[in-house]
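*Asks:* If you read the sequence shown in the UniProt record's numbering, its first letter stands for residue 1, the second for the next number, and so on. From the three backbone atoms N, C-alpha and C, an ideal C-beta is built for every residue, glycine too. First the structure, then my questions, so here it is.
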Amino acid sequence: CMSWTWFLSNLMQFYWVAPLALVPLAFHKKAVWPRIVGLAVVGMFVLVHVVMTVVLELDVNGDVLRRQSEYFWIIFQQPYCRVAPFAIGLGLGYLLDRTNFRFCMGKAVVCIGWVTAFATSTTLTLITYDENQHLLEDATGWSRTSRVVHETLQRPLWGLVVCWVVFACTTEHGGPINRFLSWRGFLPLSRLTYCVYLLHPVVILCDLFAYRVFAYFTIGYV
């Protein structure tokens, strides 16, 4: 059983519900109410993500290193706790379509956008360090409220960071980052990503089962 393919079921469900927003948004540009309905559906997806994550995390009070079984089954793998980034992407796609990939921004706005995106992504990557250290040291970990806030906001914020990169690059505000990400050398690698996603745990397990000595895991190793 390829248990790591749970995310494929999430994607399938996202594709099923996406027309609820995309069909109204596809109406003629002069039709206001259908577009309002479509954007409201996008907002509803984000609201469902926030409400469900808050309610469930208040009950579970776990993460990838604590109460793992309950956390993975009740929160981590559930589509309603992951739909916000998908909804944000729908909104970005609509914006790019409406503007025909042309959006004028001043250099100051572009600079602020990139700095904010970099700061947000760095914060999301490093913010759990002190919480994870709690497992190794006799220190106080995060409170329940802190875990709820982090679990609720981390995926939407990361989705916004990715959306900014896509938006800036497709509207010619990406500069050297756009030139790097548009390098043709990434094309063959991009076509391998799905295969790598399906097979990478098999490679990891083969490496693990080939060990002749005990493997000692640390937070840093994980």
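1. Using the C-alpha atoms, what's the distance from Val196 back to Phe209?
2. Does the Cβ of His49 have 16 or more other Cβ atoms within 10 Å, making it buried, or fewer, making it exposed?
3. Mind checking Pro79: buried by the 16 CB within 10 Å criterion, or exposed?
4. Excluding the 5 residues flanking Leu56 on each side, which residues of the same chain have their C-beta closer than 6 Å to its C-beta?
5. Taking Val165 as part of the alpha helix (DSSP H), name the residues at either end of that continuous run.
6. Excluding the 5 residues preceding and the 5 following Cys52 in the sequence, name in chain order all residues of the same chain whose CB lies nearer than 7 Å to its CB.
7. Is the closest heavy atom of the ligand NAD to the C-beta of His150 under 6 Å?
8. Check whether the Cβ atoms of Val60 and Glu70 lie closer than 7 Å to each other.
9. Under 6 Å Cβ to Cβ from Gly113, same chain only, skipping five residues before and after it: list those, please.
10. In terms of alpha-carbon separation, which member of Thr122, Val162, Leu90 lies closest to Val46?
11. What are the boundary residues of the alpha helix (DSSP H) that Asp207 is part of?
12. Give me the DSSP bridge partner(s) of Arg66.
*Replies:* The answer reads as follows:
1. Position 209 of the sequence shown, counted from the first residue, corresponds to residue 209. Position 196 of the sequence shown, counted from the first residue, corresponds to residue 196. Taken atom to atom, the span from the alpha-carbon of Phe209 to that of Val196 is near 19 Å.
2. To locate residue 49, count along the sequence shown from 1; it is residue 49. Here His49 is buried, its C-beta having at least 16 other C-beta atoms within 10 Å.
3. Taking the first residue of the sequence shown as position 1, residue 79 is located at position 79. Buried, because 16 or more other Cβ atoms sit within 10 Å of the Cβ of Pro79.
4. Mapped onto the sequence shown, residue 56 falls at position 56. Here the set comprises Ile74, Ile75.
5. Position 165 of the sequence shown, counting from 1, holds the residue named residue 165. DSSP places Val165 in the uninterrupted alpha helix (DSSP H) bounded by 144-170.
6. As a first step, residue 52 is located in the sequence shown; it is residue number 52 there, counting from the start. The question names Cys, but residue 52 in the sequence shown is Met. If you ignore the 5 residues before and after Met52, its C-beta comes within less than 7 Å of the C-beta of Tyr80, Cys81, all in its own chain and listed in chain order.
7. Here there are no bound small molecules, and the ligand NAD is not part of this structure.
8. On the sequence shown, residue 60 is found 60 positions in, with the first residue counted as 1. On the sequence shown, residue 70 is found 70 positions in, with the first residue counted as 1. Yes; because the gap between Cβ atoms is below 7 Å, this pair is in contact.
9. Taking the sequence shown and counting its residues from 1, one reaches residue 113 at position 113. The residues are Trp164.
10. Working through the sequence shown from its first residue, we reach residue 46 at position 46. It is Leu90 whose Cα lies nearest to the Cα of Val46.
11. Residue 207 sits at position 207 when you count from the first residue of the sequence shown. Membership of Asp207 in the alpha helix (DSSP H) is indicated by the continuous run 193-209.
12. As a working mapping, residue 66 is identified with position 66 in the sequence shown. Answer is Asp63.
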